[in-house]
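Structure first, commentary second.
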Amino acid sequence: MTFDVAAVRAQFPVLARTMNGRPLVYLDSANTSQKPSVVLDAMHRFASTSYAPINRSAYQLAVEATDAFEGARAAVARFVNARRPSEIAFVKNATEALNLVAHTWGRANLHEGDVIVLTHLEHHANIVPWHMLAAERGITIRWVPLTADGQLDLTDLDHLLDGAKLFGFSAMSNVLGTITPVDELCRRAHDAGALAVVDACQYAPHQPTDVQAWGADFTAFSAHKMCGPSGIGALWGRQELLEAIPPFLGGGNMIADVRLDGFTPAPPPAKFEAGTPPIIEAIGFGAAVEFLEGLGMDAVRAHEERLARYTLDTLARRFGDDIRIHGPVDVKRRGATFSFAFRDVHPHDLSQVLDQHNVCVRAGHHCAKPLMKLLGVSATARASCYVYNDTSDVDALADALDGVSDIFAP
Amino acid sequence: MPGLDDLYREIILDHYRSPRNRGELPSPPAAHAVGHNPLCGDEIEVFLQVDGDVVRDIKVAGQGCSISQSSASMMSQAVKGKSVDEVRALTRRFKGMMSIDENPDDPARPGDADVKLGDLEALQGVVKFPVRIKCATLSWNTLLDALRQPDTAG
Ligand SMILES: Cc1ncc(COP(=O)(O)O)c(C=O)c1O
């Protein structure tokens with residue numbers, strides 16, 4: 001399938017913007033992605049024609065709004081191949097999804113002395129909720145280490161998983177771009193009797209996601225990284241699990257009944273959606289996954305694999321040993337997200353100079369401080385590509401890097 | 001957009017390339033504080049030897065960008081030999097230049113405007129790059145932490 005980047009790019013209004021007379025080179029999609037017109041229009045249209053409370057009122061407008069909201073849920077469910085829409089709980093973002101799992105499943109199932117396993121690749125969103133639980137419950141966290149090129153080192157996995165109750169891991173690293181073998185990791189978690197929790201926040205935007213083929217138990221992702229709006233994300237969970245675990249926040253919408261002496265939670269997904277949800281954002285989320293399905297996720301992946309190869313080749317050719325790209329060199333095992341060190345220039349300074357060329361990259365620890373420590377750095381610069389980036393963006397990055405050393409040369 | 005020349009003045013780059021007062025002091029007796037820039041993960045350590053009312057010695061360790069490192073280096077030069085009160089006044093003045101007057105315990109005072117910044121003035125351009133202000137003030141906040149330690153006079 002061909003992938004016409006120029007045509008895709010033309011659908012993202014912000015990318016038509018120039019700054020100081022030059023085009024914007026947006027290479028920070030691992031942070032958050034830009035939004036295509038179809039998403040912005042869907043939200044605007046819904047808010048202009050069908051906005052009303054959902055699940056609460058019998059009038060026509062409210063019925064329309066509820067249908068649109070549930071339609072968005074169905075679209076997101078289809079996008080990750082959930083068995084049914086009710087397996088998708090709308091939450092604020094992936095962070096909330098992972099906190100939800102720690103708070104509900106974790107508190108119901110983990111007790112003093114229990115073991116869970118995480119990996120050195122994790123984002124703080126898949127570390128801190130478990131640290132919080134560990135402090136409360138006295139559980140132990142074991143860590144899957146990395147190989148020299150930033151892949152999970154599975155040599156001791158069975159040993160690490162022995163006796164563990166949960167294995168949480170990211171499907172794609174936001175720092176190194178590493179894609180992990182999710183189906184194998186889920187299988188090995190289950191072989192050890194552990195639950196498999198997948199952080200798909202970086203994975204789902206970039207390639208076909210199939211929670212059933214993975215055999216996962218919970219999967220978290222955020223709309224804003226996949227062409228959708230900020231303010232909404234999803235927790236997918238196996239229906240039986242969602243039914244078994246306690247609710248998360250309490251309030252309206254999440255109950256079947258409330259009495260003076262207690263309450264009965266609603267069935268999932270409402271059970272996890274206390275209060276008025278992000279309604280307009282849900283419509284945008286639905287439009288975003290439909291936009292991505294329109295591009296074809298296989299085609300998106302092929303495009304980014306080409307771009308990853310081009311980026312690795314271009315930067316190596318132009319800068320040789322002056323640039324060090326962290327993470328896998330094999331483009332089959334990585335996405336188009338690149339953390340790098342350039343000469344001895346601090347990432348903060350690097351990004352400042354790149355900004356003069358409208359090249360937007362992130363400098364910092366990328367919410368993965370344990371991983372930074374293992375890499376032996378306090379920060380990296382990170383360039384990350386998406387559907388609207390092409391080789392010209394990579395060339396612009398390289399051209400801008402050319403100018404960096406002049407300033408900081410001794 | 002403000003130009004990079006506003007930010008990366010020669011004197012800043014000089015302090016970045018050859019930072020003054022790098023290292024550590026035995027602590028105790030020196031006060032020791034660690035500061036983090038949560039945005040980028042940079043970490044600065046300040047070791048402060050205060051005798052009586054005077055900063056006898058200061059050393060700076062840790063890693064960071066050109067702005068945080070040069071600010072720390074210039075700060076170390078500027079505070080050495082000064083009294084604790086003078087150091088506090090200089091800190092208020094520097095933060096004032098960074099458009100920060102955030103310390104309710106130690107608000108700006110009339111005399112602050114007369115405090116000489118010297119080389120530190122080169123960091124003035126940072127104000128035009130708001131995300132970098134935290135880089136410039138990291139070492140100063142760490143210095144205040146060190147001053148706050150119980151065994152430090154002041
Ligand atoms: C791998 C990974 N997990 C979780 C998150 C958290 O996502 P959010 O900030 O949308 O909750 C991110 C976002 O940076 C991420 O990259």
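Top to bottom, those sequences are chains A and B.
Counting from 1, one number per residue, gives the positions in the first sequence under our numbering.
Counting from 1, one number per residue, gives the positions in the second sequence under our numbering.
Even glycine gets a Cβ: it sits at the ideal position worked out from N, Cα and C.
For clarity, every value in this text was computed on a predicted model and none was experimentally measured.
Residue i versus residue j - alpha carbon distance
| i | j | result |
| --- | --- | --- |
| A:A472 | A:R83 | As shown, chain A starts at 1 and ends at 410. That puts residue 472 of chain A outside it, with no answer to give. |
| A:A192 | A:H159 | 9 angstroms |
| A:H111 | B:R17 | 52 angstroms |
| A:V353 | A:H346 | 11 angstroms |
| B:I44 | A:A6 | 45 angstroms |
| A:H348 | B:T137 | 15 angstroms |
| A:P277 | A:F90 | 8 angstroms |
| B:H15 | B:P130 | 21 angstroms |
| B:A108 | B:R93 | 8 angstroms |
| B:A31 | B:A146 | 6 angstroms |
| A:V39 | A:G284 | 5 angstroms |
| B:A153 | A:D217 | Annotation note: pLDDT 48 at B:A153 (below 50); position unreliable, no value reported. |
| A:G262 | A:A52 | 29 angstroms |
| B:S70 | B:D106 | 25 angstroms |
| A:S33 | A:G320 | 30 angstroms |
| A:G376 | B:S99 | 34 angstroms |
| B:D85 | B:D112 | 11 angstroms |
| A:H120 | A:N126 | 11 angstroms |
| B:M97 | B:L123 | 9 angstroms |
| A:R333 | A:H44 | 38 angstroms |
| A:C56 | A:G275 | The question names Cys, yet the displayed sequence has Arg at residue 56 of chain A. Each residue's Cα considered, the two are about 11 angstroms apart. |
| A:A72 | B:Q149 | 56 angstroms |
| A:T264 | A:P247 | 10 angstroms |
| B:G33 | A:G228 | The amino acid occupying residue 33 of chain B in the given sequence is Ala; Gly does not appear at that position. For B:A33 and A:G228, the distance between alpha carbons rounds to 43 angstroms. |
| B:S66 | A:Q356 | 17 angstroms |
| A:R309 | A:R17 | 27 angstroms |
Any chain A beta carbon closer than 8 angstroms to residue i
| i | result |
| --- | --- |
| B:L240 | Shown here, chain B extends from 1 to 154; a query on residue 240 of chain B therefore has no answer. |
| B:Q63 | yes |
| B:P19 | no |
| B:L138 | no |
| B:L123 | no |
| B:S71 | no |
| B:E24 | no |
| B:G35 | no |
| B:M75 | no |
| B:D42 | yes |
| B:S161 | Here chain B has residues from 1 to 154 only, and residue 161 of chain B is not among them. |
| B:S99 | no |
Chain B contact for residue i (CB, 8 angstroms cutoff)
| i | result |
| --- | --- |
| A:M132 | no |
| A:G237 | no |
| A:V353 | yes |
| A:G150 | no |
| A:I283 | no |
| A:K332 | no |
| A:D399 | no |
| A:S33 | no |
| A:G364 | yes |
| A:S378 | yes |
| A:I127 | no |
| A:D349 | yes |
| A:M372 | yes |
| A:H429 | Any question about residue 429 of chain A goes unanswered here, given that chain A covers just 1 to 410. |
| A:I280 | no |
| A:I407 | yes |
| A:Q11 | no |
CB-CB length for residue i against residue j, believed under 8 angstroms
| i | j | result |
| --- | --- | --- |
| B:L7 | B:G125 | 5 angstroms |
| A:A336 | A:C385 | 4 angstroms |
| A:L146 | A:L152 | 6 angstroms |
| A:W236 | A:I116 | Wrong, their Cβ atoms sit about 20 angstroms apart, outside the cutoff. |
| A:I325 | A:L312 | 7 angstroms |
| B:S73 | B:R20 | 5 angstroms |
| A:S29 | A:P269 | With a Cβ gap of about 28 angstroms, A:S29 and A:P269 do not count as contacting. |
Completely contained alpha helix (DSSP H) runs for the region 16-57 of chain A, where each covers 4 or more residues: Every alpha helix (DSSP H) of 4 residues or more that sits fully in the region 16-57 of chain A is shown, in chain order, as 37-49.
Alpha helix (DSSP H) runs contained entirely in the region 286-345 of chain A, provided each spans 4 or more residues: Within the region 286-345 of chain A, the complete alpha helix (DSSP H) runs of at least 4 residues are 297-319.
Alpha helix (DSSP H) segments (min. 4 residues) lying fully within the region 77-101 of chain B: The region 77-101 of chain B contains these whole alpha helix (DSSP H) runs: 84-97.
Minimum length 3: unbroken beta strand (DSSP E) runs contained in the region 125-188 of chain A: If only uninterrupted beta strand (DSSP E) runs of at least 3 residues are considered, those enclosed by the region 125-188 of chain A are 140-144 and 164-170.
Within the region 183-229 of chain A, ranges of the beta strand (DSSP E) (whole runs, at least 3 residues): Correct list: 195-199 and 218-222.
Below 5 angstroms from a heavy atom of ligand 1 - residues by beta-carbon: In chain order, the hits are A:N93, A:A94, A:T95, A:H123, A:A125, A:S170, A:N174, A:D199, A:C201, A:Q202 and A:S222.
Length at least 4, wholly inside the region 57-107 of chain A: the alpha helix (DSSP H) runs in chain order: As far as the region 57-107 of chain A is concerned, its whole alpha helix (DSSP H) runs of at least 4 residues are 60-79 and 94-101.
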